[in-house]
Every structure is written in structure tokens, then in C-alpha cells.
Amino acid sequence: MAIDSKFEYNSKTLMRDTRPMLVRFFDSAQEPFVVSFFLTAMAVWIALSGIGAALSDVVLFCGMIYFLLVMRVKPKGNYRTPTYYDKKKGDGILFLGNQKGSNSELWVSNSDARTHILYLGTTGSGKTEGLKSLVANALTWGSGFVYVDGKADTDLWASIYALARRFGRDDDIMVLNYMTGNKDGATVSNTMNPFSYGSASYLTNMMVGLMDEAGGDTAMWKGRAVSLMGALMPALTYMRDNEDLLLDVQVIRDALNFKDLIRLSRSKTMPERIRKGLKGYLDTLPGYVDEAFDDNGDEKPPGPGNPGADMTVPRQQHGYLTMQFTRSLQSLADEYGHIFKTQLADIDMMDVVLNRRLMLVLIPALEKSGDEAANLGKIIAANIKGMMGATLGSEVEGDWESVIENKATRSNSPFMTVFDEVGYYTAAGMAVMAAQARSLGFCLIFAAQDLPALEKRVKEEARSITANCNIKIFGKLEDPTQTREFFENTVGGATISKISSFDKGAGGSGYSEQKGASVSDVKKASYGELKMQKEGEAHIAFMADTLEAKMFYANPKKVKAMRVNRYLRVNPTAVDEVLRDPAVDTLMKAFKNPNFAASRAAPAPANIPEFETLRRGWMLEGEPKDWVRAGALAISNLAYAQGMIKLTAPEKNEEGEDALAIDSLLAEFKANRGQKDEVPTQKQITAPEMAATAPAAPVQPKVNLAKDDDEDEDALDFSSLFGKSSSDGEDRVEVASESVAETAMPPLVLPPLQAETEIQENLRSDIAIKADMTPSTTPIIAPEDLSEELLPPEQEMTSFIEDIMKRSGRALGQSLFGSQQQSE
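Pasting the structure below:
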């Protein structure tokens, strides 16, 4: 019969604290509630009691003594709490959650995290949310993780994507999606080529691991198939590394052809040791005659001196061996061809780990058979294992910094790898990963619903995995057999004091506890408490401690849309080609130069003639005071240099001063702007645009070019044109008397009025006053006495000229078309 709950006693209510009083006092003095209650009581007593006010000095003295006593007690942080007392700072980086009761934070250091984690929890224990929260820690470090989910739940993908978005890591997330939804056809997924890197031995072992288990007579055939792959793979990896072969599963599939094997064994570019391995395999085939084939692998036709040989038997023998790989190659190349049948894949495990990417693998255990799901998990586990082997290092000579400290995976934070529902795809070699991953900077997390599920496929590997995980997290569990025994053996025992019996009181007053207490040995946690745990609650066992905890819960805001990153496929570049690049050689020399500075490494700005012409026109009158005027001069200089306009020298006005051509041009434009209602679609300006003509003068001086002895180009003295005299040694203006009719310029076309913003954009993109003339061959002309000191000393020429065009163009446009806004 079931025991009624009223007869049950909670074991914790029977326990008694038998420590000395002073020890209990100091322990209680650290509790926040006790301290706040003591201080509040003292304050109330002083405020309400007259004697309290009289003894306030004594109360202050007692309070100081209490404060000093409490401060002498050094608090013990749970699990490397990242706070400090004295001078020793905590080193916790992985936040697990909070301890029940005291609400203390539970942290794990980098060193402890790399001792790996085992997480057991049945359905409804919150195990998936707990694992997701653990990998959220990796995002706070700026690190990455690989999450292999044996249930293939799309909700997990949405949560992981939301976490990546929360930390701005959208571009780093990749998903390997094996789910098809029981439908034919490819699904959205990143691609992966497990054969793009790795040694021949590593790839051979991976292919062998995908083969079916063999026993009895079939073990002999499997052994011969392994020798076939062991002879073929070195040839393929050599061509991949030295002959630019893009190796993938289809290439391996084709290379298993009998003809291709013979052709590879005759290849002149292949090293002798590889050709001997292939020839050694072929010679073991019954009935094989090497002379019966040519170098292309085709059988030689019978002829004189060559009676021919029957090669049916060796072909059959070879076919029996290739049949051992049929299932695994068909799965990779056909069923999952959208993932693995690619030469330039998205996912590179070396890149994922070294560059701290985020990778999620979805293995649908419900869709696939146990063996199929196991093979999919084996591929990921084998790739991670191979990457670990590559970063383990092979150098045994050299200085400590280059051989030991300079390993690629050494970091202040580990790279997390989660194997959820690992029992569905446990593979041989996972235990080795757990044993050696610590020194490589990995934190491995193995999760399952219970111990039998963990040991489902390879029991020896599962037991070794549990032994190599120092941190064990037990969520809600129900298994009363193996899992219970494992839990009780893990948490260990403790010696406690508790009440031994009760005495019945007199007069029916009930039972009362005896004054004595007995000592007994009990388990630190009972298995019954695990059954009572809710979602997110767990028992954490680490070293000699067993704590009840509430696991950290990361619940990012849902994203509106999710997408799978598509990456640009780039052919690999040989290292020798990169080192032969002149730019690389220049960069290496710069790094070796102790006087090299990046601030001085920028190339000189391009010398654009048009910008230089604008600059000279802008600075014709020295430092500009009127930007509209200076902008017009700059544009006029460019227009003249490009043959769009011709210039004539001005004559004196009525006051005897030079009438400046630019002033006349601006005045006429402004006058025309005042008659905007009468402006036609295109207005003809018939007056000479770049010269101020005097109506009383019968003739107009003409500007001629004079050749300077020291220059190769023609030069025009703009100083005289705009009312300034040129310095000695510069080109002069020679004036010839000709009629105005002979030197008058063709009419300019003024564009129609436009909106102000449109005018500004047009002026910025094409600032020119165009004349209907045939461009002349006159080179760029500018005064040669322009002082370089007028340029800003700390500004590059190109950016300076661009700024001139922007400011002067806008100011000129606003002036010409009557805008009242003042530009910069």
C-alpha cells in the first residue's frame, strides 16, 4: 500500500546544526537578512527608547566591533565567482545560474570549463533551454560554438538565430540542416565538404567509420575495402594539395572506378610511394595482370605477342570491395548531395573554430534510421576531431612561445561544442576528444535524457565520456536503474547530525523531539529530489560540491525573419602564389622596417589635372574672401583650359579702373535672374562673357599667348586680366589692337531655371558654362606665381579640391539664380 503523505517526514527537517555557537554566529552574520534586521532593530530601539539615546555611544562602539568582526570573515565565492576580496580576483567566466536558498551566483572558470560538462535531463526538464543558455555565455566572450542537436527542432534554430542577432553575430551563424520534412528534394542549408582538408589517414578513417559494422566472414571483406581506401586516398589528397584538385565526395566516388585506379597507378606526376601503394592493392586482386592495361587504364587489344588476358575476375573482386562504400557514398552524394556534393563549401571546420563562428547542426532522429542518424553525427564528430588533430601541433623543437604558446586554439575563453542527444550518434573516438580537448581550448558539453540513452550505441565510449566530464548537471530524472545509481555515486556522501527520535508529551500534547542528536552518513542529495525538480532546476556536482541550482535562462526577443547566410565561393589560392605577389613582398618588408608607420604608408593622391586647374583659378586673387567670385574664377579657368570659352582683356571703365570680366558676368546673370518670368527655355547671351567691354572704346585689346623660355606649355597672365600685375620672370600678356567684332565670343547658353536643389546637384556634378565652340588645343593655363603656402598644410590635395568644388559650386549656383540661402 502507498504511504499517506501525512506520515512522511522531510529529511531536511530532521537535521540539526551542531556546530559551535561562535561558528554559527559568524556564519549567520554574513547573511544579508540578519545584518539588516540587526541594524533596523538598533535604529528603532534608539529612536523609541530614552535609554537607547543615552547609550548611543555604547551602541556605536558595539556596532563598530560587529563591523570589524564581520569584515574579518572572508566570504567564499561559489564556483569561481567573478568578484574578489583581498587581492585575489575571481576568474569565473561561465555563468551557470544561482544557488537555491542563498541565491549565490555560480560561475565556472576557463580552466574548469575545459574539463567538460555532462548534462542529463529527461523530457520537460528544461535541458535544451539550459544548453542554449550555456552557449549564450560564449557569445558574451566574443567566442563561438558548435551545437549538434539530435532532435532537429526548428525552435532551437530560431532561438540560436535570435541570440546571434542580439549580439550582432548574424553574419557568423551557419546551419547544417539534414531535415527534409519527409519530403523529397533539397532543403535550405549551408554546404560542407569534409574532404577539402585533412590528411589521407584522417579521411580514410572517416570513410571507414561510415561503413557498416562487420563480423564473421564479412570482416575479411571490410578489411580489404579499408586497404583499398588506404591506397586511393593518398593519391587524391596529393592531387588536392599539389595539383589543384577540388576534392569532394563525387570525386572519390569516380576515383573508385577500376580504370581510374589503374590510371592513377601509372601517373608520372604522382610520387613513387603513392604509386606503389596503388600498385600493391591492384596486385592483390586475383587474376590481375598489369601488362594487360595501358596507361589510361584501358585493356590492350589482343595482338602479336599479346594474347590478352581475362580481367573479369579482378574486376569482380574490385567490385565486391567498392560495394562496402556504396551506402555511405550514396548517402553523401545523393541523399545529402545538396550539402556534401560541393567543392567550395560554406562550412570549414578550421574556419569555424579559429574564427569563432556559430554553427548549428540539425540531425532529425525521427526521420532517419538509427544507423543513418549515427552516420550524420559521425561526420560532424570526425570533422571536429580532425580539426583538433590539426591544431594539436607536431613540432617538438623550437622555443616555448612558438611551439607551445602559439597554438591556434589557445585563448582566454574556450570554444564550446554541444552534443545534444549524443546517444543517437555516439561514435568511436568521442572519448578521445573529451580526453585531449582540454589542452586545445575546447569546452565539450554532452547531453542526454538518461544514462541508458547515452550508452545506446557505443557503451564503452559513453562511459569514458561520463568519466571525463568533471562538471555534471542533473536535471529532472526518472530512470530508477542505471541513472539513479550513477547519480548517487557521483554526488557522494556526507556526515550529518539529526534527531534520532521523538517523545510523546504528557496530556496528549503531541510528540516533541528529544534533546539529543545522532550522527549518520547520508547522500549529499537524494534521487527523489531530482524527480521533484521543475523546469530549469538542477543539481550541479563539481569536485566535492553538490549544489541545488536554478539554471541561467537566456530568452532573447524573437526576430521577425530568419535567413541562412549564403557565402561567395572563392577558389583556394596556393601559398606559393600569394608569397610571390609583389604587394605581399612590399608588405613584409614594411613590417620588418622598424621605421614603418601605417600613417605614412598611404599612397600619394592622384594628380588630376582638372582639379589642379580649378585650384589655380580659385586662388588667382590670393586667399578667397568672396567664395562666389572665387568659384566663378575657378570654373572660368577650367572652361578656358578645356577650350569652352575665350578670354579678352578688359579696358578701363568710366572711373579709370579695370572692369573685371567676372563682375560683369555675375551682374548680367543676376539681372537676367530678375526677369525670370520672361526667361525662355534657353536664353542667348550675346555679350562677351569673360570680358567687361567699354561702350566708348572703338577697339578691344586681344589676349595673345606668350611662350615662356623655361616652360614647355603656353601660359596666360590672369593677373592683368583681373586687375593684377604679374611678377617678374612670368609670362606676360601681349595686347594687339583688333576690332571687337573680330574678338567677340560666340553666345553662351544659359540653362533654364530649375529648383534650387536640382541646380545645386547639377552644378556639383557638371560645373561649367559651356559655349558653342570647337574646343581648342590650348593646354591648361594658370599663373605660375601661385604660392603653395596658400594650401592647407595638413590636408591632402584631392580632398582640398573636392571641398573647393563643393563649396564654390553651391555658392555660385545660389548667386547666379538668386537664392537667398548662404552656403558654407
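First residue of the sequence shown? That's 18 in the working numbering, and the numbers climb one at a time after it.
Glycine residues also receive a C-beta, built at the ideal position from the N, C-alpha and C atoms.
- Unbroken alpha helix (DSSP H) runs of no fewer than 4 residues, entirely contained in the segment 190-264, are found at 217-226, 235-259, following chain order.
- Contact between Gly167 and Asp437 holds, since their C-beta atoms are separated by about 6 Å, short of 8 Å.
- Going by beta carbons, Asp496 and Thr512 fall outside the 8 Å limit.
- In the displayed model, His335 falls within a helix according to three-state DSSP.
- For His355, the enclosing alpha helix (DSSP H) stretches over residues 354-357.
- A straight line joining the alpha-carbon of Asn259 with that of Val306 spans about 30 Å.
- Residue state for Gly159 is assigned as coil, using DSSP reduced to three classes.
- Counting only residues of its own chain and dropping the five nearest sequence neighbours on each side, Ser126 has a CB closer than 7 Å to the CB of Arg97, Asp108, Gly109, Ile110.
- By DSSP's assignment, Glu316 forms a beta bridge with Phe310.
- Closest by C-alpha distance to Ala175, out of Ser160, Gln466, Thr197, Thr145, is Thr145.
- Using a C-beta cut-off of 8 Å, the segment 242-252 makes contact with the segment 280-297, since at least three inter-stretch Cβ pairs fall below that distance.
- Judged by DSSP in its simplified three-state form, Lys577 adopts coil rather than helix or strand.
- Counting along the chain, Val370 sits inside the alpha helix (DSSP H) bounded by residues 366-371.
- Taking 8 Å as the cut-off, the Cβ atoms of Leu585 and Lys548 do not count as close.
- Secondary structure note for Lys489: it is in no alpha helix (DSSP H), and the uninterrupted beta strand (DSSP E) holding it is 488-491.
- Counting C-beta pairs with one atom in each stretch, the segment 353-365 and the segment 199-214 have three or more that are closer than 8 Å, which means they touch.
- Looking at the DSSP output, Gln116 sits in a beta bridge with Ala566.
- Glu122 sits in a strand when the DSSP states are folded into three classes.
- Its chain contains Met246, Gly247, Met250 as the residues whose beta carbon lies nearer than 7 Å to that of Thr221, once the 5 sequence neighbours on both sides are disregarded; these appear in chain order.
- A Cβ-Cβ contact shorter than 8 Å links Leu631 with Leu655.
- The three-state reading of DSSP puts Thr301 in coil, since its state is none of H, G, I, E or B.
- By the Cβ criterion, the segment 118-136 is not in contact with the segment 354-361, since fewer than three pairs of Cβ atoms, one from each stretch, lie closer than 8 Å.
- A distance below 8 Å separates the beta carbons of Leu180 and Leu156.
- In summary, Met560 is exposed, with fewer than 16 beta-carbon neighbours lying within 10 Å of its beta-carbon over all protein chains present.
- Using a Cβ-Cβ distance cut-off of 8 Å, the segment 443-451 and the segment 471-484 are in contact, since at least three pairs of beta carbons, one from each stretch, lie closer than that value.
- For Gly510, the enclosing beta strand (DSSP E) has its first and last residue at 510-515.
- Gly440 sits buried, since 16 or more C-beta atoms from the chains shown fall within 10 Å of its C-beta.
- Here the alpha carbons of Met605 and Met287 stand approximately 34 Å from one another.
- In summary, Glu477 is exposed, with fewer than 16 beta-carbon neighbours lying within 10 Å of its beta-carbon over all protein chains present.
- Between the beta-carbon of Phe432 and that of Phe112 there is about 17 Å, and that puts the pair past the 8 Å contact cut.
- Counted as a single uninterrupted DSSP element, the stretch harbouring Ala558 is not any alpha helix (DSSP H) but the beta strand (DSSP E) occupying residues 554-559.
- In the three-state reduction of the DSSP assignment, Gly109 falls in the strand class, which pools E and B.
- A straight line joining the alpha-carbon of Asp562 with that of Ser160 spans about 28 Å.
- For Leu86, no pairing in a beta bridge is given by DSSP.
- Of all alpha-carbon atoms in Tyr255, Leu346, Gly320, Asp74, the one lying nearest the alpha-carbon of Asn392 is that of Leu346.
- Thr408 is positioned such that its CB atom lies no closer than 8 Å to that of Leu375.
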